[in-house]
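To start, the structure under review is shown below, and the notes come after it.
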Amino acid sequence: MNTREDRFSRKMLATPPSGIRKFFDLIIGRDDIISLGVGEPDFPTPWSLREEAFYHLEKGQTSYTSNWGLLELREQIAKYLERFGMYYSPKNEVLVTIGGSEAVDAVLRTILNPGDEIIVCEPCYVSYQPLAELCDAKLIHLDTSVNGFYPTAQQIEDVITPNTKALMLCSPSNPTGRIIPADELAKIAEVVKKHRIWCISDEIYCELIYDGRKHVSIGSFPGMKDYAIVINGFSKAFAMTGWRIGYMAAPAELTQEVCKLHQYSTICAPIMSQYAAIEGLKNGWNEVERMRVSYQQRRNLMYKAFIDMGLPCTEPEGAFYLFPDIRSTGLTSEEFATQLIEKYQVAVVPGSCFGKGGEGFIRCCYATEISKIKVAVSHIADMVKELRK
Amino acid sequence: MDEIEEILDLLRENARLSVEDISAMTKKTPDEVRAIIKKLEDSGIIMKYAAIVNPEKDGEAKDKVCAEIEIQVTPERDRGFDAIADRIYRFPQVKSLYLMSGGYDLKVIIEGDSLKEVAFFVSSKLSTLEGVRSTKTHFILKTYKENDIVYVEQERDNREGVTA
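Residue numbers (the working numbering), protein chains in the order written: chain A, 657 to 1045; chain B, 11 to 174.
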């Protein structure tokens, strides 16, 4: 056994595991638990996408692709981004990655130098902060809870310094489901341009958006192409989480640099996933809409249940999470989530896992069967009632 | 989505969904939902609410014999195929009846207790109807999917909690 004291990277040892992971470890092997903790669709990938992958597997198309991804897929992605008023060259401005997650990592490593500041709007998805810290960047935690869980241009302007390198956005947001209103986004774009910082925009939930709203990307505002790095993928919209396929779009000079890292660490995204993704972008939209409507209905159902049990909650405009306020119970979010598993067999994720502003809230995923949602919320209501006695 | 279609879709998926749940899911008041459902029922758009039974698991249905029969008929001068169709679908043995384009005219799905019973029904009741020129009987061996319902597999939530 290697007993050297420095046998591990200090940075990796200092990186904490995801707080969500901890809660899943509590429920592993227990089938009496209803989980509202997962962060993925409860639909299988639409059949025509799966079938497309079989077809190419049968034909023996099992090789690497270009590091950039299949050109046909990049062309389809570029065409898709045009819907939102963004124009990227499929040749050198779109890079197909192993899910949006790889894109986040590769982009951060491509733009950050030690000591650079990156503004992260929190609460947010759990990977941004550790990945930025591995680049020795200085994290500027921006607490969006003071503003109903989306950042304002003023808030961002207030924390910008000469060392600010990038701003990390996610709209619709995981874990809150909030979207940044278009007029605020326009103001944020002005701040980004004024200070000439990168704006990394994680738009993985952009197809899951409700009540007739339309997704607006920060990359679509005038002059923003030079500053925006748009990250998206197929996991949420097309229910393809296990296929690990996503992409980024950015100016050629940046994308080429990201592609170097991508080629050394992964070579390319899996070819069968790429073929399935092409089918999704070409013919999968009816299925996307069917799933979206179903999420919207379940959001409505769960949202009403939280309001009825007296837990304040902002109605989320997108994604598939509710983020109710549990402060009135007097428990921390971790205590609340732990008791809920132990006494009421329902798993949720404590808001504290998602950074600043998340404490006092819990993340509940409504991409779950209606019958299970109903049982879960009735158990949560029982617990809240008990705590208030 | 059209509000009526949305409620119809929810009921198509689960006819036992309560008015309260539909109300929560569609953001309509329970009274509005009740009114829409009543209208759908009164106008015959919703004809009835019935259980979907898995024939493989129901003891009695399991032993039933089903056949698809292709019938060629001579249409009547004024009423086309409707007159003969009308005589066929009234038999309780007839599960479904369709007017088809292509090589034959009527497609009938018959259900009976035994092969013999189905054969007897075809030869004595269907073939002898005036206007029927020929019948072709195909026995159904296994139902994989019917009206959107897959009989051969059950949906399960296999998601393992991960860090997303």
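C-beta: ideal position from N, C-alpha, C; glycine also.
Inset, instruction - State the Cα-Cα distance for the pair H1035(A) and L20(B), rounded to the nearest angstrom. - result: The residue labelled residue 1035(A) in the question sits at position 379 within the first sequence. The residue labelled residue 20(B) in the question sits at position 10 within the second sequence. Going by the C-alpha atoms only, they are around 24 Å apart.
Inset, instruction - Sort out for me which residues DSSP pairs W854(A) with in a bridge. - result: Along the first sequence, read from residue 1 onward, the residue named residue 854(A) stands at position 198. DSSP, once it has assigned bridges, lists A822(A) as partnering W854(A).
Legend entry - Sub-8 Å separation of V1040(A) and L692(A) beta-carbons: Indexing the first sequence from 1 puts residue 1040(A) at position 384. Indexing the first sequence from 1 puts residue 692(A) at position 36. Against a cut-off of 8 Å, the Cβ pair of L692(A) and V1040(A) comes out as no contact.
Legend entry - Proximal chain B residues relative to K960(A), where beta-carbon distance stays under 8 Å: Walking along the first sequence from the start, residue 960(A) turns up at place 304. Per Cβ cutoff of 8 Å: A34.
Inset, instruction - Ignore the nearest five residues each way along the sequence and tell me which others in T84(B)'s own chain have a CB closer than 7 Å to its CB. - result: Numbered from 1 along the second sequence, position 74 holds the residue referred to as residue 84(B). Around T84(B): G141 and R143.
Inset, instruction - Enumerate in chain order the residues of its own chain whose CB-to-CB distance from D981(A) is below 8 Å, with the five nearest sequence positions on each side excluded. - result: In the first sequence, the residue the question calls residue 981(A) occupies position 325. Same-chain partners within the cutoff: L967, P968, C969, G1016 and F1017.
Inset, instruction - Please list the partners that L1052(A) has in chain B, where partner means a Cβ-to-Cβ separation under 7 Å. - result: Beyond the ends of chain A as shown, which are 657 and 1045, falls residue 1052(A); an answer cannot be given.
Inset, instruction - Indicate whether at least one CB of chain B lies closer than 8 Å to the CB of E696(A). - result: Taking the first sequence and counting its residues from 1, one reaches residue 696(A) at position 40. With 8 Å as the cut-off, E696(A) counts as an interface residue toward chain B.
Inset, instruction - Under 7 Å between beta-carbons, which chain B residues line up against Q811(A)? List them in chain order, please. - result: Counting from 1 along the first sequence, the entry for residue 811(A) is found at position 155. The premise fails here: Q811(A) is roughly 26 Å from chain B at the closest Cβ pair, so nothing lies under 7 Å.
Legend entry - Same chain only: Cβ atoms within 6 Å of E943(A), ignoring 5 sequence neighbours per side: In the first sequence, residue 943(A) corresponds to position 287, counting from 1. Same-chain partners within the cutoff: P702.
Inset, instruction - Please confirm whether E861(A) and A975(A) have their CB atoms less than 8 Å apart. - result: Counting from 1 along the first sequence, the entry for residue 861(A) is found at position 205. Counting from 1 along the first sequence, the entry for residue 975(A) is found at position 319. Looking at the sequence shown, residue 861(A) is not Glu but Tyr. Taking 8 Å as the Cβ cut-off, Y861(A) and A975(A) qualify as a contacting pair.
Legend entry - C-beta atoms of Y736(A) and L1043(A) nearer than 8 Å: Mapped onto the first sequence, residue 736(A) falls at position 80. Mapped onto the first sequence, residue 1043(A) falls at position 387. Cβ atoms of Y736(A) and L1043(A): not closer than 8 Å.
Legend entry - Cutoff 8 Å: R169(B) Cβ touching any chain A Cβ: Residue 169(B) sits at position 159 when you count from the first residue of the second sequence. With 8 Å as the cut-off, R169(B) counts as an interface residue toward chain A.
Legend entry - Cut-off 7 Å between Cβ atoms - residues of its own chain near Q785(A), not counting five sequence neighbours on either side: Mapped onto the first sequence, residue 785(A) falls at position 129. Hits under 7 Å: V776, L795 and G1011.
Inset, instruction - Return no unless some Cβ of chain B is closer than 8 Å to the Cβ of Q953(A). - result: Here residue 953(A) corresponds to residue number 297 of the first sequence, with the count starting at 1. It does: the Cβ of Q953(A) has a partner Cβ on chain B nearer than 8 Å.
Legend entry - Three CB pairs or more closer than 8 Å across the segment 743 to 759 of chain A and the segment 899 to 908 of chain A: yes
Inset, instruction - Determine the burial state of K38(B): buried for a count of at least 16 other Cβ atoms within 10 Å of its Cβ, exposed for fewer. - result: On the second sequence, position 28 is the one that residue 38(B) refers to. So K38(B) ends up on the buried side.
Legend entry - Buried/exposed call for P972(A), threshold 16 Cβ in 10 Å: Walking along the first sequence from the start, residue 972(A) turns up at place 316. P972(A) should be labelled buried.
Inset, instruction - Report yes if the C-beta of G112(B) is less than 7 Å from at least one heavy atom of the ligand COA; otherwise report no. - result: The ligand COA is absent from the structure shown, which contains no ligand whatsoever.
Inset, instruction - Give a yes or no on whether the C-beta atoms belonging to T721(A) and Q952(A) are separated by under 8 Å. - result: Numbered from its first residue, the first sequence carries residue 721(A) at position 65. Numbered from its first residue, the first sequence carries residue 952(A) at position 296. It is not a contact, given that the beta carbons lie outside the stated cut-off.
Legend entry - Reduced DSSP category for H1035(A) - H, G, I as helix; E, B as strand; rest coil: To locate residue 1035(A), count along the first sequence from 1; it is residue 379. Helix at H1035(A).
Legend entry - Inter-residue Cα distance where the pair is A961(A) and L917(A): Here residue 961(A) is taken as the residue at index 305 of the first sequence, counted from 1. Here residue 917(A) is taken as the residue at index 261 of the first sequence, counted from 1. Using only the alpha carbons, I get a separation of about 46 Å.
Inset, instruction - With DSSP as the reference, label H148(B) as helix, strand or coil. - result: Along the second sequence, one-based indexing puts residue 148(B) at 138. H148(B) falls in the strand class under three-state DSSP.
Legend entry - Completely contained beta strand (DSSP E) runs for the segment 755 to 833 of chain A, where each covers 3 or more residues: 773 to 778, 794 to 799 and 820 to 826
Legend entry - L996(A) - containing alpha helix (DSSP H), residue span: Position 340 of the first sequence holds residue 996(A). Note, L996(A): alpha helix (DSSP H), S989 to Y1000.
Inset, instruction - Kindly identify the DSSP beta-bridge partner or partners of P1006(A). - result: For the purposes of this step, residue 1006(A) is identified with residue 350 of the first sequence, where counting begins at 1. According to DSSP, which records beta bridges pairwise, P1006(A) is partnered with I1018(A).
Inset, instruction - Output yes or no for whether 8 Å exceeds the beta carbon distance between V108(B) and Q82(B). - result: Along the second sequence, read from residue 1 onward, the residue named residue 108(B) stands at position 98. Along the second sequence, read from residue 1 onward, the residue named residue 82(B) stands at position 72. Residue identity check: residue 108(B) is Tyr in the sequence provided, not Val. No; because the gap between Cβ atoms is not below 8 Å, this pair is not in contact.
Inset, instruction - Take N803(A) and list the residues in its own chain whose beta-carbon comes closer than 8 Å to its own, dropping the five residues that flank it on each side. - result: Taking the first residue of the first sequence as position 1, residue 803(A) is located at position 147. Closer than 8 Å at Cβ, skipping near neighbours: Q811.
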